[in-house]
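Have a look at the structure below, then the notes.
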Amino acid sequence: MTERKRKVLTGLSGMAVIGCLCMIWYFSSQNGTISQDLSDGFSEKLLRLLESLGLVGQNEEQILYWIDIIGAPIRKCAHFAEYFFLALLTLAHLHVGYRKLQHKPIKAWIFVFLAASVDEIHQLFVPGRSGMVRDVLLDSFAGACAIIVVYFVKFMYTEQKKKRCKGA
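So for the sequence shown, UniProt numbering puts the first residue at 1; every next one is plus one.
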């Protein structure tokens, strides 16, 4: 890769990390009511889809009951997905922009942990929201999962490449 191309990719990957952080902090800055409404709206759409497939009943009372039940898991999955994606972007940025940097996975995970911590502190100042240590743990776990997935895929790709070289 040419130096110019590497610099462009470093800038783009850095902007992607910043964009992801902005998205996360935008969602976190929504007050508790707006956040709850967003989760409930997503839950309702999911349940309506399942209803159209005949997988859940058509009783409106049941739909409202299930919206209430799946709201919290939906929010936790959203948290997980946000920080999983942040870890992927951060790791990509470190690989492209800082080739000689040692311990990239650990540094990417620390960055995700710090971002999650700052996010939860930020939520302490948002009406109807609260900063939760368990959310920092979930977000950090998501980052670790992303990094493990990347290195597992990399390992599998390397092993497959070795097998092809031996067979040739």
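Built from N, CA and C at the ideal position, the CB exists for glycine as well.
Counted within 10 angstroms of its Cβ, other Cβ atoms place C20 as buried (16 or more) or exposed
Working through the sequence shown from its first residue, we reach residue 20 at position 20. Buried: at least 16 other Cβ atoms inside 10 Å.
Quick check on DSSP: helix, strand or coil for G128?
As a first step, residue 128 must be located in the sequence shown, where it is residue number 128. If DSSP states are grouped into helix, strand and coil, G128 belongs with coil.
Tell me where the alpha helix (DSSP H) around G97 begins and ends.
The sequence position of residue 97 within the sequence shown is 97, counting from 1. Looking at the DSSP string, the run of the alpha helix (DSSP H) that includes G97 is E60 to G97.
Please classify M1: does DSSP put it in a helix, a strand, or coil?
Along the sequence shown, read from residue 1 onward, the residue named residue 1 stands at position 1. Note: M1 maps to coil in three-state DSSP.
Rounding to the nearest angstrom, what Cα-Cα distance links V153 and G143 in this structure?
As a first step, residue 153 must be located in the sequence shown, where it is residue number 153. As a first step, residue 143 must be located in the sequence shown, where it is residue number 143. Straight-line Cα distance between these residues: approximately 16 Å.
Within 8 Å, do at least three Cβ pairs link the region 16 to 31 to the region 86 to 104?
yes
Which residues mark the beginning and the end of the alpha helix (DSSP H) in which Q36 is found?
On the sequence shown, position 36 is the one that residue 36 refers to. Note, Q36: alpha helix (DSSP H), G32 to S52.
What are the boundary residues of the alpha helix (DSSP H) that includes K100?
Position 100 of the sequence shown, counted from the start, is the residue given in the question as residue 100. Premise fails: K100 is in no alpha helix (DSSP H) and is neither H nor E.
Using DSSP with H/G/I as helix, E/B as strand and the rest coil, what is L55?
As a position in the sequence shown, residue 55 is number 55, starting the count at 1. If DSSP states are grouped into helix, strand and coil, L55 belongs with coil.
Rounded separation between E51 and L38 - CA only
For the purposes of this step, residue 51 is taken as the residue at position 51 of the sequence shown. For the purposes of this step, residue 38 is taken as the residue at position 38 of the sequence shown. Cα to Cα, E51 sits roughly 20 Å from L38.
Option in I67, F84 and V126 with minimal Cα separation from S29:
Taking the sequence shown and counting its residues from 1, the one referred to as residue 29 is at position 29. Nearest option by C-alpha distance: V126.
Burial state of D139 (16 or more Cβ within 10 Å)
In the sequence shown, counting from the first residue as 1, residue 139 sits at position 139. When all chains shown are included, D139 counts as buried.
With 16 as the cutoff for other CB atoms within 10 Å, does V133 come out buried or exposed?
Start at 1 with the first residue of the sequence shown, and residue 133 comes out as number 133. V133 counts as exposed, since fewer than 16 other C-beta atoms from the protein chains shown sit within 10 angstroms of its C-beta.
For K76, collect the residues of the same chain with a Cβ closer than 7 Å to its Cβ; drop the 5 residues on either side in sequence, then sort them by chain order.
Position 76 of the sequence shown, counting from 1, holds the residue named residue 76. Within the same chain, and ignoring the five residues on either side of K76 in sequence, the residues whose Cβ sits closer than 7 Å to its Cβ are L138.
Candidates L124, V150, C145 and S117: closest to V136 by CA position
Along the sequence shown, one-based indexing puts residue 136 at 136. Among L124, V150, C145 and S117, the Cα nearest to that of V136 belongs to S117.
Assigned exposure category for V8 - 16 Cβ within 10 Å defines buried:
Here residue 8 refers to the residue found at position 8 of the sequence shown. Exposed, because fewer than 16 other Cβ atoms sit within 10 Å of the Cβ of V8.
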